[in-house]
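Residue numbers (my numbering), protein chains in the order written: chain A, 16 to 374; chain B, 16 to 374.
Cβ coordinates follow ideal geometry from the N, Cα and C atoms, glycine included.
Since we're looking at a predicted model, the values are computed, not measured.
Notes follow the structure.
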């Protein structure tokens, strides 16, 4: 018996049009929902379960996809995060022509899930939304990103470096480890925010005599339409949003590519920080085996890791990791994290089905 | 003709009791107001002008004193900051038994005054409050702190290290220079906030394998009543106020005194940062003369610079400065910054009076 917590959101299930338009809906095979819940946006996809006998790369059938706003409870609060997640899942199911009774599994990868209590809280209200036979999985959004590079298999390490940064890995036995991902107060210096904040600091230090002159001064001021470094104080006070500050990363890369030593040092430090995060996860999970020469995937996600004109932070990070773990294997995902989340659930469900078949 | 912008605040001036209770009020000699406007509180004092023929140390006659809340426009907005400043000045004058017509000079040292436009904006509305003969001075609160150590003379350098940090100095010719004081995003690593944020980062890094183990882990968790380092993420998100984080400085000092290398390194780095700020100001203003051997005061203010059981950050900072400027002379103020602001105005007024007498 499904509790209808929110009649408006799920009202479409009472209509006649549901269950007619799709060959997957309400069939015995059913569908899987994968969600990538971030601080900027939340994406949900619906994939069929039965049609996939092997891993569906590269032409994966996505039945439906929907996008909503922030679902990080640390940013918008518990209730708003929950409403966003429920809404985006309902919209996706509506678009796919399915009802909740057709759902076989749901995997949520949500940023802000940092502690078992976060996981339990979300699982509790998911249980209120879906029928009891639905398999439910809740993880940090880094898990969805990892699965997007491994096509659903939780093995290896993912490094995300956008506005924030985090390294997250899983061993074959399911053991999990994370490094960084704690926000700017707690020293995520390899993140886009960290890189940009250090560039702003370098401008202030050059201005007040604590540090050497740098090309960053003119470039940063120009990009923010400011006339003097002391105006940066008011600029940062006016709106301390991390994404607004992280948006300066291309300015730092550009100055580094033009030969500025300070900008290059900031990027080199970021490379070391990011590589250190991955190596900490790999060491704790023993992903490289006892001698460190074992092979494992390192899934690379986020704008900071994209290649630029000369600088390629992602490549430098991999080079640095491979000095310790020579067979660390960089992977650029071909599907988005929401699909990764769905494939993760698909994998677990498949295994379970196979076990049941062989009984 | 005085414009009465706020009738309620200044209504007491119409009463008979004003001007009777004090020998200074409304006399030809008059009074001076000094204000120290901070992010935590705002303090105003009223001192007499004529009775002081020489600098009034140590038994300074304070006619009245009043305390109000935050007057940093970056924190509470322009209108609230202005109302707080006007209110605290009115209350002080009321307590001293004087009217605005008795005021000879007003000196405001307000945090958040970082740019000439900040100064001009405040001067403009001060001019609306006080009669046209009143001398008005508006500076950053660091200026009031400097004057509190030099008994009103703007010469030398002040180093403030509490929740935030700033170095600010004046040469004999009135030239001003500042270093740091730009807030945590812009790298004030010698501040109480900076020290504590690095300690929190060290706890996270020890926990996720990026850094070595440290005594800070148990001490920080215990002082915050948390059971695991990953709860620190939620703790910092819940309320990112700088003062709340800076309150952990005693924990860092205590771990350092118990021999923890990480905690000691954090404090040593803070010492270098703070000394670097002072040296940058001294170099730009040439306070040590061409050979660096000239003498100048370094006024030391704020909780971070207080001596502890073993660690004395203030002493270490001075030792570091004296390696470059051997005659840098540390001063611990005997009066509060609001009195420093008043003495600063007193000094300028005295000079002007003497010039007029010798004409």
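Residue range of the unbroken beta strand (DSSP E) whose run includes residue i
{"i": "residue 191 (chain B)", "result": "191 to 195"}
{"i": "residue 152 (chain A)", "result": "150 to 154"}
{"i": "residue 57 (chain A)", "result": "57 to 63"}
{"i": "residue 47 (chain B)", "result": "46 to 52"}
{"i": "residue 210 (chain A)", "result": "Residue 210 (chain A) -> not in any beta strand (DSSP E); alpha helix (DSSP H) instead, spanning 207 to 223."}
{"i": "residue 122 (chain A)", "result": "118 to 125"}
{"i": "residue 80 (chain B)", "result": "79 to 83"}
{"i": "residue 343 (chain A)", "result": "343 to 346"}
{"i": "residue 316 (chain B)", "result": "311 to 316"}
Own chain residues within Cβ distance below 6 Å of residue i, not counting five before or after
{"i": "residue 258 (chain B)", "result": "178"}
{"i": "residue 346 (chain A)", "result": "164, 312, 314"}
{"i": "residue 17 (chain B)", "result": "The pLDDT assigned to residue 17 (chain B) is 46, lower than 50, so where the model puts this residue is not dependable; a value taken from the coordinates is nonetheless given after this. 146, listed in sequence order."}
{"i": "residue 158 (chain B)", "result": "124"}
{"i": "residue 90 (chain A)", "result": "54"}
{"i": "residue 137 (chain A)", "result": "153"}
{"i": "residue 57 (chain A)", "result": "83, 86, 99, 103"}
{"i": "residue 350 (chain B)", "result": "163"}
Cβ-Cβ separation, residue j to residue i (assumed contact under 8 Å), whole Å
{"i": "residue 361 (chain A)", "j": "residue 47 (chain A)", "result": "6 Å"}
{"i": "residue 359 (chain B)", "j": "residue 172 (chain B)", "result": "Actually they do not touch by this definition, with Cβ atoms about 15 Å apart."}
{"i": "residue 205 (chain A)", "j": "residue 289 (chain A)", "result": "4 Å"}
{"i": "residue 356 (chain B)", "j": "residue 51 (chain B)", "result": "6 Å"}
{"i": "residue 320 (chain A)", "j": "residue 311 (chain A)", "result": "So it is not a contact: roughly 18 Å between Cβ atoms."}
{"i": "residue 207 (chain A)", "j": "residue 126 (chain A)", "result": "Incorrect: roughly 15 Å between the Cβ atoms, too far for contact."}
{"i": "residue 209 (chain B)", "j": "residue 285 (chain B)", "result": "7 Å"}
{"i": "residue 160 (chain B)", "j": "residue 175 (chain B)", "result": "6 Å"}
{"i": "residue 124 (chain A)", "j": "residue 348 (chain A)", "result": "Incorrect: roughly 13 Å between the Cβ atoms, too far for contact."}
{"i": "residue 128 (chain B)", "j": "residue 192 (chain B)", "result": "Between residue 192 (chain B) and residue 128 (chain B) the Cβ distance is about 15 Å, and since that is not below 8 Å, they are no contact."}
{"i": "residue 105 (chain B)", "j": "residue 24 (chain B)", "result": "5 Å"}
{"i": "residue 88 (chain B)", "j": "residue 81 (chain B)", "result": "Residue 88 (chain B) to residue 81 (chain B), Cβ: 20 Å. No contact."}
{"i": "residue 342 (chain A)", "j": "residue 309 (chain A)", "result": "6 Å"}
{"i": "residue 202 (chain A)", "j": "residue 219 (chain B)", "result": "7 Å"}
{"i": "residue 282 (chain B)", "j": "residue 328 (chain B)", "result": "6 Å"}
Residue i beta carbon near the ligand SAH (any heavy atom closer than 7 Å)
{"i": "residue 312 (chain B)", "result": "You won't find the ligand SAH in this model; it holds no ligand whatsoever."}
Residue range of the alpha helix (DSSP H) that includes residue i
{"i": "residue 301 (chain B)", "result": "First-last for residue 301 (chain B): undefined, no H or E at that position."}
{"i": "residue 235 (chain A)", "result": "231 to 239"}
{"i": "residue 137 (chain A)", "result": "131 to 144"}
{"i": "residue 181 (chain A)", "result": "Segment 180 to 185 is the beta strand (DSSP E) holding residue 181 (chain A); no alpha helix (DSSP H) there."}
{"i": "residue 247 (chain B)", "result": "246 to 253"}
{"i": "residue 265 (chain A)", "result": "264 to 272"}
{"i": "residue 329 (chain A)", "result": "328 to 339"}
{"i": "residue 176 (chain A)", "result": "Residue 176 (chain A) -> not in any alpha helix (DSSP H); beta strand (DSSP E) instead, spanning 171 to 176."}
{"i": "residue 109 (chain A)", "result": "93 to 111"}
{"i": "residue 204 (chain B)", "result": "Looking at the DSSP string, residue 204 (chain B) is not in any alpha helix (DSSP H), and its letter there is neither H nor E."}
{"i": "residue 14 (chain A)", "result": "In this structure chain A extends from 16 to 374, so residue 14 (chain A) is not present and cannot be described."}
Partner residues on chain A for residue i, Cβ-Cβ distance less than 9 Å
{"i": "residue 223 (chain B)", "result": "182, 192, 193, 194, 195, 196, 197, 292, 295, 296, 299"}
{"i": "residue 135 (chain B)", "result": "Those do not exist, as residue 135 (chain B) stays about 14 Å from chain A at its closest Cβ, beyond 9 Å."}
Neighbourhood of residue i by C-beta distance below 8 Å, restricted to the same chain and skipping five residues each side
{"i": "residue 149 (chain B)", "result": "115, 118, 119, 120, 121"}
{"i": "residue 272 (chain B)", "result": "323, 324, 325, 326"}
{"i": "residue 354 (chain A)", "result": "49, 60, 62, 75, 77, 163"}
{"i": "residue 363 (chain A)", "result": "120, 150, 152"}
{"i": "residue 107 (chain A)", "result": "48, 59, 60, 61, 79, 80, 81"}
Chain-ordered neighbours of residue i on chain A, where CB pairs are closer than 7 Å
{"i": "residue 212 (chain B)", "result": "200"}
{"i": "residue 245 (chain B)", "result": "129, 130"}
{"i": "residue 216 (chain B)", "result": "201, 202"}
Per-residue contacts from residue i into chain B (C-beta, under 8 Å)
{"i": "residue 260 (chain A)", "result": "200"}
Proximal residues of chain B, C-beta to C-beta of residue i below 7 Å
{"i": "residue 251 (chain A)", "result": "198, 200, 201"}
{"i": "residue 219 (chain A)", "result": "197, 201, 202"}
Beta-carbon neighbours of residue i, restricted to chain B and to distances below 9 Å
{"i": "residue 89 (chain A)", "result": "248, 249, 252, 253"}
Spatial neighbours of residue i in its chain, beta-carbon cut-off 7 Å, leaving aside the 5 residues before and after
{"i": "residue 305 (chain A)", "result": "none"}
{"i": "residue 102 (chain A)", "result": "24, 83"}
{"i": "residue 221 (chain A)", "result": "227, 228, 229, 232"}
{"i": "residue 38 (chain A)", "result": "For residue 38 (chain A), the pLDDT reaches just 44, beneath the cut-off of 50, and the residue's location in the model is therefore unreliable, leaving the point undetermined."}
Subject >> Given 8 Å, three or more beta-carbon pairs between the region 244 to 255 of chain A and the region 264 to 284 of chain A >> reply: no
Original post:
Counting Cβ pairs, one atom from each stretch, are 3 or more of them under 8 Å apart for the region 261 to 277 of chain B and the region 201 to 216 of chain B?
Top reply: yes
Original post:
At a cut of 8 Å, does the region 146 to 164 of chain A reach the region 285 to 303 of chain A through at least three beta carbon pairs?
Top reply: no
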